[in-house]
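*Asks:*
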Amino acid sequence: MKVSKCRIYSFGKIINQTYEIEENGLVIISGKNESGKTHVRYFLTYMLVGLSKQEIQRFNHLHNHVFGGEITLIIDNEEYTLYRTDKTQHQLIIKNARGEDVTLEVSHKYLKQLDRTFFDRVFHFDVLTIQKEQGETPEQIGDLLLSLSMSGTDAIDRTEKKLKKELDHLFKKGGSKPVLNEQLEELESLEKKLIKLKKEEASYDSLENSIKAVTKEKCTREKEIKENKQQLRFYQTYLQLYHVIECYKIAEGYLNTHNQPSNHPDVYENDVTLLYEEKEQLRQKLSQQEERMRQVEEKRESVAALIGGRSRFEYVLKVINQDMFWREKQRVLDETNKDIEDLSTQINKQTLRLGLSLTEEQMLMFELPEENVSALELLTEQQKKVTEQIMNEQAELNQLSREGDALAYERHQLNHDLIDDYQREDILSDIERLRKHKEKRTESMRLLPLFSILTAVFLSLLVTLSNMNLFQPVIIYSLLGVYILILFGLILLQRPKSSQVEGPVKHISKADEDMLKEYYDVLHRDETAKVKREQLSARWSIYTNQSEKTERDISVLKEKEASIKQEIGRFHDQYPFLKSILNTEHSTVLRQVYELQQGLKLRKKLGDKRSRLNEEISTYVTTVIKDLELTKGLSLVQVLKEVGDLYNQLSHQRQVYQDLQEELIEIEAHNRALESKLKPVVEKLETIFQMCSVSDYHAFLESVEHTKAYNEKIKEYETSYQKMALYFSSKDMLSVLDNALIDELSLKETIESYNNELQLIEKTYEDCLKNLATLHAEKKQMETSTIYRDVAYQFNIKRELFNKKAREWLMYKTSYDQLLQTKIEFQTSLLPSILNKASEVFCFVTDGRYTAISFDSTTSELIVDYPSGSFKVAELSQGTLDQLVIAIRLGVATELSRTFPMPFIIDDSFVHFDDERKRRLFDYLKQQERQSFYFTTEPKERLKEYHVMTLEE
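Numbering (UniProt numbering), first residue to last: 1 to 953.
1) I853: which of Q413, Y812, R433, L862 sits nearest, CA to CA?
2) Under the three-state reduction of DSSP, which class applies to G142: helix, strand or coil?
3) By DSSP, does H947 sit in helix, in strand, or in coil?
4) I want to know whether the stretch 749 to 756 touches the stretch 229 to 242 - three or more CB-CB distances under 8 Å.
5) Could you give the DSSP three-state label for E938: helix, strand or coil?
6) Counting along the chain, where does the beta strand (DSSP E) carrying T72 start and finish?
7) Looking at C-alpha atoms only, which residue of V179, N270, K164, C247 is the closest neighbour of residue 968?
8) From T936 to K805, what does the alpha carbon distance come to, in whole angstroms?
9) If we require 4 or more residues per run, which alpha helix (DSSP H) segments fall completely within the stretch 621 to 667?
10) Under the three-state reduction of DSSP, which class applies to D6: helix, strand or coil?
11) Between G25 and L925, is the Cβ-Cβ spacing less than 8 Å?
12) How is A529 classed by DSSP in three states: helix, strand or coil?
13) Between K37 and the rest of its own chain, which residues show a CB-CB distance below 7 Å, the 5 nearest in sequence each way excluded?
14) Report the partner residues of L82 according to the DSSP bridge assignment.
15) Would you decide whether M47 is buried or exposed? Buried here means 16 or more other CB atoms lie within 10 Å of its CB.
16) Please work out which residues of its chain come closer than 7 Å, Cβ to Cβ, to R58, disregarding the five sequence neighbours upstream and downstream, and give them in chain order.
17) Is the beta carbon of residue 957 sitting closer than 8 Å to the one on F119?
18) Can you find a heavy atom of the ligand HEM that lies under 7 Å from the Cβ of R294?
19) Is A893 near V841, with beta carbons less than 8 Å apart?
20) Do the stretch 369 to 379 and the stretch 629 to 646 meet, that is, are 3 or more Cβ pairs less than 8 Å apart?
21) Would you call F273 buried or exposed, if buried means 16 or more other Cβ atoms sit within 10 Å of its Cβ?
22) Just to confirm my understanding: we take T631, look at its own chain, exclude 5 residues before and 5 after, and list those with CB closer than 8 Å. What are they?
23) In angstroms with no decimal places, state the Cα-to-Cα distance between I742 and R221.
24) Just to confirm my understanding: we take R917, look at its own chain, exclude 5 residues before and 5 after, and list those with CB closer than 6 Å. What are they?
25) Output the boundary residues of the alpha helix (DSSP H) element that contains L26.
26) Please report the distance separating the alpha-carbon of L352 from that of Y620.
27) Closer than 7 Å by C-beta to E410: which residues in its own chain qualify, once you throw out the five before and the five after it? Chain order, please.
28) Over the uninterrupted beta strand (DSSP E) stretch that includes V373, give me the two end residues.
29) Can you list, in chain order, the residues of its chain whose CB lies under 6 Å from that of T72, leaving out five sequence neighbours each side?
30) State the start and end residues of the unbroken alpha helix (DSSP H) segment that holds V845.
31) When DSSP builds the beta bridges, which residues end up paired with Y710?
32) So is P496 buried or exposed if we call it buried at 16+ other beta carbons inside 10 Å?
33) Whole-angstrom Cβ separation of V864 and L876, contact assumed at under 8 Å?
34) Taking E34 as part of the alpha helix (DSSP H), name the residues at either end of that continuous run.
35) Return the chain-ordered list of same chain residues with a C-beta closer than 6 Å to the C-beta of R7, the five sequence neighbours on each side being excluded.
36) According to DSSP, is H698 part of a helix, a strand, or is it coil?
Structural data, given as structure tokens:
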């Protein structure tokens, strides 16, 4: 068995992982702590033998994923896939390479059903188990290794010790503490006490004997009373029915003097009359049906001659049943011919369109996998994309160049609007001089609004005073003075200081105003040009950076283009016809050649299929024509049509034959029904005639008349007998019938005698009852003393406990003896082969330092041999003892693996091995046909010579 692939759907922390395993021998699975080694180890165990419910719950905590997975096994060069998931209730499903389910009977041929505990003990190794399987004393080590050689674990050694401990706990010869020893002592003490008490109460036995004698006498008297009453009741009943008995005896005497008919034919008179009439009618109908059946049989034979036998029709029916099958083959052949024609036309068109001077044989000779075509298409597409990127980058660089020229031109145009600092100062001086002259001219114009407001206020006051009749000269003069003062103050405030005007005041002209305006325009253009110059400087810096980046990108793309061209050149060496094709058409041409090659292969495959179909159809047509003697040279369709017509004819004749057969069966069934009706009628008549001792119907009628006369006499006899049966029992009835009639006077005297005797017996019975009651009272008084009873009760309880423990000891003793016998049988049968295999492993691992492992039957110890002597296992070092234990475990597992071909699962169990011996054990496992999975934290770099699967965190 080889595990070739593991696919884990969801198991613990591992989700959707697939591991391909190519190694047949040793497979090392390496990973750090918490990398998932334990999950993979438990997954292998789950798939091979299953897990417990608690273990499944431990690893199934991702409920949105399917728990479980699948593994692929190679067994006897056959591939099987094992499925086990929570969707299948954790049940194992096995499929073969064709995806078909494998039944349990077939799967058990290759995969033996193993118990989980057996699997862990034999095929599963871990460091904790190895360390636990080492005893402390030399005897314990020897027993342990012997147990390992028997079962692969210390289970047998532990079982033997447990049984021995239980036996010593229950019973030990000459001991006092074991349970059975103590209980036996208590029983012996109680038994002596019981014997002593029994001697003290000897009179009790005498009383019991008296009770038994009186009880026996009482039973005798009861029996006598019962018998006396029965006889008394019989004679009393006899007296009561005396006249009925007398009539019976008279009737009996009469019947004895006359001959009794041997039968009673009068009872069957009506039945015989009806049966006789029915028999005559059935015989007449049966004669008519036999004549009809003869006519139908003649007609059936003539139809059978036309059909020509059963085999011919069955052959035609077989051909008819295969009609659709062969028509389907003909249809497939026609479709194949059409597909070949279409494919040939398509190949010719592709060849012409391709335009290469290659023959079909040359095209088929090329090794042209689809991966190469896809790779060249990918390279061509990459080259096209890189070329387009270069063109786009070059276009972008040209666009940037044009934008740089435009920026340079704009910067040149700005120089006309810029002025230097000296020009700017002169213009500002002239502007200041012209502005001041202009402000003086407009001063009188600024006072006009103020003067208008003050005048309006002054006139409003005058109107108000006039309305209030306060129009007096003093008030008017005062208001007028205030008005004048305010107006004069305003004029002084608006008048500029003499120091602010430099030089003589001149009148500003139209030319000065135009010049001032021109100065303002020059300054405005200068400010605007400066702002725009700063913007153009920033844009120029961006332009420079973008140009440099684009040039670098173009350089990288050109290098990539050269690399792709080099890769494409490799295909020119492999496919020389591409050298004459444009670079841009390489992938297209190679794809067309690939499709053309696939078309040629498909046409060849279809041609083989057509030849096979033609041969099958031709053989079938020839066979049918020969077997049915049809016209030669017919096609398949014509043959099937001829066979169909023949089938219709034969079917019609066969239907006629079948109808006649059914009619014949119906007639036969009708005849059988008539015969079945007639037979019981005849049998009944014969039975009745035989019972009545007559030969025919007329003799029967004579016998009936004779019987009726006798029945009148016997009726009186039966009536008397029935009346006596109501009162007498069967025994008394027999006595009455066998004996003669008793005299009536003697009968009365007998009844009186039985009454007197019954009174005497009843008096004696009452005396027995009184005596028995007195004896029982004395016995009860003696039994009120509870000492003997308590001791007897304790004795019975102790005896039951002792018997229970004794049975338990016997069970342990039987198991212990059977285990020892099994060990002896194992030592003589399986132990030598297991130790030979273990010696082979131990010798290989120690590089010949130790040559063999043997068992000393005298001391029941395992001995390790080396070239110049031998060691007891207790004298070995810790690491060597580990290696010995593992060698024996491998020996047991190898022997059992012949029956159970399971892989070994080893969980870093070589911790006490030095590097050299660990490598040698790895080499040994690698050479074995049995697959071994070794889980370790050792890094992959130190295990380069082995097949290592690394698990990542």
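Using N, Cα and C, we set each Cβ at its ideal position, and we do this for glycine too.
*Replies:* In this structure, then:
1) L862
2) Summary for G142: the model assigns pLDDT 49, below 50, so the residue's position carries little reliability; its value from the coordinates is reported in the next sentence. Three-state DSSP puts G142 in a helix.
3) coil
4) yes
5) coil
6) 68 to 75
7) As displayed, the chain neither begins before 1 nor continues past 953, which places residue 968 out of reach and without an answer.
8) 51 Å
9) none
10) It should be pointed out that residue 6 corresponds to Cys in this sequence rather than to Asp. Reduced to three states, the DSSP call for C6 is strand.
11) yes
12) helix
13) I29, G31, F935, L951
14) I71, I94
15) buried
16) none
17) Here the chain covers residues 1 to 953 and nothing more, so residue 957 does not appear.
18) In terms of ligand content, the structure shown is empty, and the ligand HEM therefore cannot be addressed.
19) no
20) no
21) Looking at the sequence itself, residue 273 is Thr, so the reference to Phe does not match. With fewer than 16 Cβ atoms within 10 Å of its Cβ, T273 is classed as exposed.
22) I625, E642
23) 30 Å
24) V845
25) Where L26 is concerned, there is no enclosing alpha helix (DSSP H), although the beta strand (DSSP E) it sits in stretches over 26 to 31.
26) 41 Å
27) L536
28) V373 -> not in any beta strand (DSSP E); alpha helix (DSSP H) instead, spanning 370 to 414.
29) S4, K5, T81
30) 831 to 845
31) Bridge partners of Y710: none, in fact.
32) Summary for P496: the model assigns pLDDT 49, below 50, so the residue's position carries little reliability, and this model does not support an answer.
33) 7 Å
34) No alpha helix (DSSP H) contains E34, which DSSP labels as neither H nor E.
35) T18, G69, E70
36) helix
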